[in-house]
Amino acid sequence: MQTSQDSTAALTRKAALGGIAVMVLTTVHHAIGAVVYRTPWRLHIALLSVPTIAVILGALAIHRRRAGAPAGRASFFVLVAVLALVPIAWIGVYEGLYNHVLKDALYFLAPRSPALLRLFPPPTYVMPDNAIFEITGVLQVIPAWVAAAALARRLLGLRR
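Using the working numbering, the first residue of the sequence shown is number 0, and each one after it goes up by one.
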């Protein structure tokens, strides 16, 4: 039988792994974009992904070892803040949901919509013309959702 402590640890781990998956996927996605669109500046995401993953792993490790101590509580706060801001909000919501899901939906459902060009003006945005780039962009939402759901359940004390 799983204890309450085991359940919260599992949710914390699931949120962290979801956040790491977001960062790995967004790095792959941006590398594809850098090659496909000849825009090497897209590789800048690795400068964000690597430290973000390191902070997530470090905060998770400290929290697991020192859960009841001040260091463990502080590391959990860092973990929550980093997960919420970077992989969930910035990459999952903005990059995945807005930049890809919404853009692709408008492009395929209302290609001549004035809203499409108003929300996604060229040259900042490229209309869908590469399936792999768009699919990896949309896929960023899935691990971000996993991380957000696990983190919310952990913070609200919900268990299965």
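Heads up, the beta-carbon is just placed ideally off N, CA and C, and yes, glycines get one too.
- For Trp-144, the uninterrupted alpha helix (DSSP H) run begins and ends at 140 to 155, by DSSP.
- Contact between the segment 129 to 149 and the segment 7 to 24 is established, with three or more Cβ pairs separated by less than 8 Å.
- Annotation: the continuous alpha helix (DSSP H) that includes Leu-108 extends over 102 to 108.
- With a minimum length of 4 residues, the unbroken runs of alpha helix (DSSP H) contained wholly in the segment 0 to 82 fall at 3 to 35, 44 to 64 and 69 to 82.
- Our two residues, Leu-78 and Ala-58, have alpha carbons roughly 6 Å apart in a direct line.
- Comparing alpha carbon positions, the residue from Ile-55, Ala-104, Asn-129 and Thr-25 closest to Leu-118 is Ala-104.
- DSSP, read as helix, strand or coil, puts Phe-132 in helix.
- Spanning the alpha carbons of Leu-24 and Ile-44 requires a straight line of approximately 11 Å.
- Boundaries of the alpha helix (DSSP H) around Arg-117: 113 to 118.
- Here Val-137 carries a helix assignment [DSSP, helix/strand/coil].
- Here Thr-38 is exposed, its C-beta having fewer than 16 other C-beta atoms within 10 Å.
- Taking all protein chains in view, the Cβ of Phe-76 is surrounded by fewer than 16 other Cβ atoms within 10 Å, so the residue is classified as exposed.
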